[in-house]
Every structure is written in C-alpha cells, then in structure tokens.
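Peer 1: I have a structure here, written as structure tokens, and I will follow up with some questions on it.
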Amino acid sequence: MRVTVIGSGYVGLVTGACLSDLGFKVVCLDKDEEKIRALQEGDVPIYEPGLKEVLTRNRADGRIRFTSDACEAIEHGDVLFIAVGTPPAEDGSADLGHVLSVAATIGRHLKGFKLVVNKSTVPVGTADKVRAAISHELVHRGMSPDLFDVVSNPEFLKEGAAIDDFMRPDRIVVGVDEGLHHVRSRRMMGDLYASFNRHHARTVWMDVRSAELTKYAANAMLAARISFMNEMANLADVLGADVDHIRRGIGADSRIGHSFLYAGCGYGGSCFPKDTQALVNTAKSHGHSMSVVSATELVNERQKTILVDRLTQRMGSDLTGRKIAVWGLAFKPNTDDMREAPSRVVIRQLLLRGAQVSAFDPVAGPHALQALRSDLRQEPHLLERFELATSDMQALEGADALMVLTEWKNFHNPDFEAMKALMRKPFILDGRNLYNPEALSELGVAYQGVGRRNDLAQLMDFSLPTEAPNAAELMNA
Ligand SMILES: NC(=O)c1ccc[n+]([C@@H]2O[C@H](COP(=O)([O-])OP(=O)(O)OC[C@H]3O[C@@H](n4cnc5c(N)ncnc54)[C@H](O)[C@@H]3O)[C@@H](O)[C@H]2O)c1
C-alpha cells in the first residue's frame, strides 16, 4: 500500500516520516514550493525533535519523497491523507478552505479507487463536504462519483514529542461509515496501522461523525483542565494557598490523574485555542451552547495577561524606563511554533506600557520576530524597544524583572546568583511555576509564580532608581 500525505506541516511531515519508517512508500505534497525545495534538499522547515533523523534515513532509503506536483502525488498513493491547516475563520469557526481545495484537487486527478483519510482537525460533517467536493469534480469529468471513500483519522500528536506520540499512540481513532467501500476502507486502515496493534488493539473504530467530534472533545477536555487549574491558582493567590500542593493533592486521585494540571500563564498553540473556538461555533450553529468550553476559553484569555497584571501591581502601569527580560517565546518547549503563544500577548502588553523587552528562546526567536511583526503591524514603532537576546543570561542584563513564559528544560535550573548579579532587580515572574518560592526567598530573589506563595515579591521596593542629584541641584538645596 502506498501513501500520499497532502500538507507537509507539523502533522503531515510527522505522518509521512513515521509511515515511511514503518516501510510504506510515501510521497509528501505541499503547495508551498519553497518548503518542498527545502525538504528535497534535506532541510526540515520546522523544529520537531527527531524528525530530521527519521526523514533523512527514509529519504536515503528511497521510502519518502517530496513534491509540489498534485497530479503525481495523487497518482502515487492508494491512501491519500489530508493534513492541511484548518485555521480559525473570523467568526471562530474552522476555515475549511484548504481542506476543500485539496478535496477538489483530488477529484480532478483521481483515476482509480483511492481511500481519502482526513487527518486535519475538522468540524463534524466535513467528511460529507469532502465527499461532495470530490464527487462534483468526478461527475464533471464524466467519471463515476463512487471511485473513492472518505474516512476520518484525527491526529492526537503533541508538538515537541510528535514522533514518539505517532509511533507509540495511546489510541488511534478511525471513523468509517457504512457504504459501498466500507469493508475495503476498514481493511486498508487496519493494514496501515497494523504495527501499532500487534501487542494489543489500539485502534478505536467508530463512525465518521463520532471520530470528527472525538478530536474536539479531547482538546476541549485538556484545555478545560488547564483553565480549571488556572482559576484554582488565581484563587490560591488570593487565599495564600499554594496551587502546586493542590495539584499534587488532586492528581494523586486515580480518577483525576496528574496530567494537564499545571497552572500557568495560559495555553496557546495551533490546536487548543482554535479547536475550542470551533467547537463552540459548531454548537452555536446547531442552536446549542457549550458553557464549559466557552468558560475555558475566557479563563485562558484572561490568564495570558496575569503576569503583566502582577508586574504592574508592583511597578505601576507605566513601565517606561523598565527593562523586562523574557525567557521562552514558543507556545511550549521543544517547538518553534508561535501560533497563539501567550508570549505574543505578554510582549505586546509590555511594549504598549513603555517597557523595553529583551527576550530569549532556544529555537523560536526568528519565528517569534515574524509573529510580533505581524501582531504589531499597526504600531511597528513598538518593536524598536524589543530585542532578541543571544542567550538567556544576556537577556537579563540590567533587567527589572524576568518573565518565564515557556518551560524549556534549559530554564529549569539556572544560576540564580549569576542572575542576581546581572539584573537590576532580582524579580522573577514565573509563568510556568518552574522554581521553588522558598529557595528563591532564601537567595533574596523576589518570586511570583501562578498560585504560589512568596512574601519577598510583596516586600521588595520596585521604585525606579532616581538619578543622583548634580552639583547645581545640591547647591540650590
Ligand atoms: N500541529 C499540531 O500539533 C496538530 C496536532 C493534531 C492535529 N492538528 C491538525 O492537523 C492539521 C494540520 O496542522 P499543522 O499544524 O500540521 O498545520 P501546518 O500549517 O503546519 O501545515 C499545513 C500545511 O498544509 C499546506 N497546504 C495548505 N493547503 C494546501 C493545499 N491545497 N495543497 C497542499 N498543501 C497545502 C501548507 O502549505 C502547510 O505546509 C490542522 O487541522 C490541525 O488542527 C495539528
């Protein structure tokens, strides 16, 4: 069985790379010719640990190749994965433009039976639209509209651990509908993922609509856990409790578990924000409301500015003359993805309030600059006060505070004494709750986590240093 993956982004490339590693002959298609050229030359346009190694190995063995020629790519695969983006439209619904344009392209090039597998995250009912778009083109070409089947196979990988997630899935959700081809489609999907089902069955079979909704349900549930903990953390701050104790206390309950209970400065990324919005939108278009999911989004939007609020409580809302260091720009560690990253909101707020910002991220710097240029296109002068530092320590020079926004491993155990020596004020606002408040107090570092106690942050004097009076002023006095 040969595989074509249409859309060579985070999901498409990982899918193609991993399936080629399992022995399938894979062609990855993308309309972005520059991206394809880079891939053909052995470059990997995204940062994803382990991806380059898998691609290099399989490219060398002739199991994976890249093209921007849709005709050739569609001809190649028995299975055609759709893995293009589904960004949010103006009203929050998922924009299906890319998916449906791919469907039409498939319809224009189909010659014999193909199984179309939708891997993009799409609202319930999209498979029907994909079917209709392909059939429309087939009929237009005077061909049978039944030359294909469409199944749903949502992707659950996490950026930063995508290869591992794909190769060791908790489960594989496959939605197949009854119809002319369902026996063949089910067998093909079974064959495709047979390697993962050897030890025990990991594939969860269902109908297409349920599979489409399962993906949104999973993301909404995970996002809700984060927002729930963020609300708890904000209350803990008011009550003088420590959310990290609460996290451990509830996580130990096997009904709750430890995952996704970390409070912080909000979630970002290409999935949770857009998928929760799209779910609310789908419900609304069917006359339903999703109160929990709506509240999840609202809490997250507020949470993105929590560190700026804490900072201005100490320093006042005008941050002119302040330098704020930022560690971490990507929406999470081990990726260069800046989509919906909380750092974008935080940095814009700091710049609007007059601060100078010096930021460091181990890999996302160039993408961050691009994202900030786009966010600040109406107020480009603000970027004059933004700089990308070349190291975490360089970002700290003369800083009045450090904000930690992404939990990269490099930031877990910094040299606090060296940091104190570099900073104008040793004040850490920890948006990922990486550090121990008591240990930092003992070191004389003021610390403000999210829902973590720290007295020094309340006591430290954050007034700007006044200029020493000059001789004339002294004489007049
Ligand atoms: N990124 C994740 O962690 C993740 C995880 C699970 C599911 N998803 C879902 O998977 C889908 C893809 O996400 P992504 O992060 O890989 O997106 P991405 O933006 O990184 O990649 C999409 C790719 O599709 C290409 N493309 C768009 N239209 C095309 C067309 N007509 N023909 C060929 N190529 C085309 C783009 O050029 C781009 O390279 C989305 O629906 C997303 O919600 C993403």
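Numbering of the sequence shown is given in our numbering, commencing with residue 670 and proceeding in unit increments. From the three backbone atoms N, C-alpha and C, an ideal C-beta is built for every residue, glycine too. Given the structure is predicted, the values throughout are model-derived calculations rather than measurements.
1) With the cut-off set at 8 Å, would you say Gly1100 and Asp911 are in Cβ contact?
2) Relative to the C-alpha of Met901, which residue among Asp747, Val799, Arg916 and Val723 is closest?
3) Reducing DSSP to helix, strand and coil, say where Leu769 ends up.
4) Fully enclosed by the segment 1081-1125, which beta strand (DSSP E) runs are 3 residues long or longer?
5) I think Gln1127 touches Arg979, with their Cβ atoms under 8 Å apart; what is that distance to the nearest whole Å?
6) Roughly how many angstroms lie between the CA atoms of Asp834 and Leu826, to the nearest whole one?
7) Just to confirm the assignment, what range does the beta strand (DSSP E) spanning Thr736 have?
8) Buried or exposed: which applies to Lys1001, given that a residue is buried once 16 or more other Cβ atoms fall within 10 Å of its Cβ?
9) At a cut-off of 7 Å, would you count Tyr716 as near ligand 1, judging by its Cβ distance to the nearest heavy atom?
10) Starting from the N-terminal end, write out each residue whose C-beta falls within a distance shorter than 6 Å of any non-hydrogen atom of ligand 1.
11) Assuming Gln1018 and Thr974 form a contact by the criterion Cβ under 8 Å, report the distance between their Cβ atoms to the nearest whole angstrom.
12) On a CA-only basis, which of Val820, Gln1039 and Val961 is nearest Ala880? Give me that one, please.
13) Could you check which residue in Met1062, Ser854, Leu1021 and Ser1132 has the C-alpha nearest to that of Gln1047?
14) Quick check on the burial criterion: 16 or more other C-beta atoms within 10 angstroms. Buried or exposed for Ser789?
15) Could you check which residue in Asp846, Thr1059 and Arg1122 has the C-alpha nearest to that of Tyr640?
16) Looking at the structure shown, is Ile841 part of a helix, part of a strand, or coil, going by DSSP?
17) Which one of Cys740, Ile803, Lys783 and Arg871 has the shortest CA to CA distance from Leu769?
18) Looking only at its chain, what residues have a beta carbon closer than 8 Å to the beta carbon of Pro1049, apart from the 5 residues adjacent to it on each side?
19) With a CB to CB cut of under 6 Å and the five nearest residues on each side skipped, what residues in its chain are close to Ala707?
20) Excluding five sequence neighbours on each side, which residues of the same chain lie with their C-beta closer than 6 Å to the C-beta of Val695?
21) Bridge partners for Trp874 per DSSP, in chain order?
22) Rounded to the nearest angstrom, how far is the Cβ of Gly761 from that of Asn950, given a contact under 8 Å?
23) Would Asp1069 pass as a contact of Arg1054 if the rule is Cβ separation under 8 Å?
24) With 16 as the cutoff for other CB atoms within 10 Å, does Ala905 come out buried or exposed?
25) Throw me the rounded Cβ distance for the Val1032 and Met1072 pair, which I believe falls under 8 Å.
26) For Asp1061, report the span of its beta strand (DSSP E) as first-last.
27) Which of the three DSSP states, helix, strand or coil, is assigned to Thr673?
28) Pro814 to Ser854, Cα distance in whole Å?
29) Kindly indicate which three-state DSSP category Leu1133 falls into: helix, strand or coil?
30) In the segment 1030-1076, which residue ranges form an unbroken beta strand (DSSP E) of at least 3 residues, counting only runs that do not cross its ends?
31) Which whole runs of the alpha helix (DSSP H) in the segment 988-1030 are 4 residues long or more, in chain order?
32) Gly918 to Ala887, Cα distance in whole Å?
33) In the DSSP assignment, find the beta strand (DSSP E) that holds Asp712 and state where it starts and stops.
34) Starting from the C-beta of Pro756, find all residues in its chain whose C-beta is less than 6 Å away, skip the five residues before and the five after it, and write them out in chain order.
35) Could you tell me if His844 is buried or exposed, where buried requires 16 or more neighbouring beta carbons within 10 angstroms of its beta carbon?
Peer 2: Per the coordinate set shown:
1) 8 Å or more divides the Cβ of Gly1100 from the Cβ of Asp911.
2) Selected option, being the one with the closest Cα: Arg916.
3) In this structure, Leu769 counts as helix in the three-state DSSP scheme.
4) Runs of the beta strand (DSSP E) spanning 3 or more residues and lying entirely within the segment 1081-1125 occur at 1096-1099 and 1115-1117, in chain order.
5) The C-beta distance from Gln1127 to Arg979 rounds to 11 Å, too long to meet the 8 Å contact threshold.
6) Roughly 5 Å separates the two Cα atoms.
7) Per DSSP, Thr736 is one residue of the beta strand (DSSP E) stretching across Ile733 to Thr736.
8) That one is buried.
9) No.
10) Any residue whose Cβ sits closer than 6 Å to a heavy atom of ligand 1 makes the list: Ile675, Gly676, Ser677, Gly678, Tyr679, Val680, Gly681, Leu698, Asp699, Lys700, Asp701, Lys704, Ala752, Val753, Gly754, Thr755, His767, Ser770, Val771, Ser789, Thr790, Glu824, Leu826, Glu828, Ser939 and Cys940.
11) Their Cβ separation, rounded to whole angstroms, is 6 Å, which keeps Gln1018 and Thr974 in contact under 8 Å.
12) Of the listed residues, the one whose Cα sits closest to Ala880 is Val820.
13) It is Leu1021 whose Cα lies nearest to the Cα of Gln1047.
14) It counts as buried.
15) No information on residue 640 is available, as it lies outside the stretch 670 to 1146 that the chain covers here.
16) Judged by DSSP in its simplified three-state form, Ile841 adopts strand.
17) Ranking Cys740, Ile803, Lys783 and Arg871 by Cα distance to Leu769 puts Ile803 first.
18) The beta carbon of Pro1049 sits closer than 8 Å to those of Arg1042, all from its chain and outside the five residues before and after it, given in chain order.
19) Only Pro714 meet the Cβ criterion.
20) Within the same chain, Val695 has close Cβ partners Val672, Gly685, Leu688, Ser689 and Ile733.
21) Note: Trp874 sits in a beta bridge opposite Val843.
22) Going by Cβ atoms, the distance from Gly761 to Asn950 rounds to 5 Å, so yes, they are a contact pair.
23) Not in contact: Asp1069 and Arg1054 (Cβ atoms no closer than 8 Å).
24) It is buried - the Cβ of Ala905 has at least 16 other Cβ atoms within 10 Å.
25) Their Cβ separation, rounded to whole angstroms, is 18 Å, which puts Val1032 and Met1072 out of contact at 8 Å.
26) First-last for Asp1061: Asp1061 to Leu1065, but that is the alpha helix (DSSP H), not the beta strand (DSSP E).
27) Residue state, collapsed to three classes: strand.
28) Here the alpha carbon of Pro814 sits roughly 16 Å from the alpha carbon of Ser854.
29) It is coil, neither helix nor strand.
30) Runs of the beta strand (DSSP E) inside the segment 1030-1076: 1055-1057 and 1070-1073.
31) Taking only runs of at least 4 residues, the alpha helix (DSSP H) segments lying wholly in the segment 988-1030 are 1011-1021.
32) So the alpha carbons of these two residues sit roughly 24 Å apart.
33) Run containing Asp712: none; DSSP gives neither H nor E here.
34) Only Asp764 meet the Cβ criterion.
35) Looking at the sequence shown, residue 844 is not His but Gly. The C-beta of Gly844 has 16 or more other C-beta atoms within 10 Å across all chains shown, which makes the residue buried.
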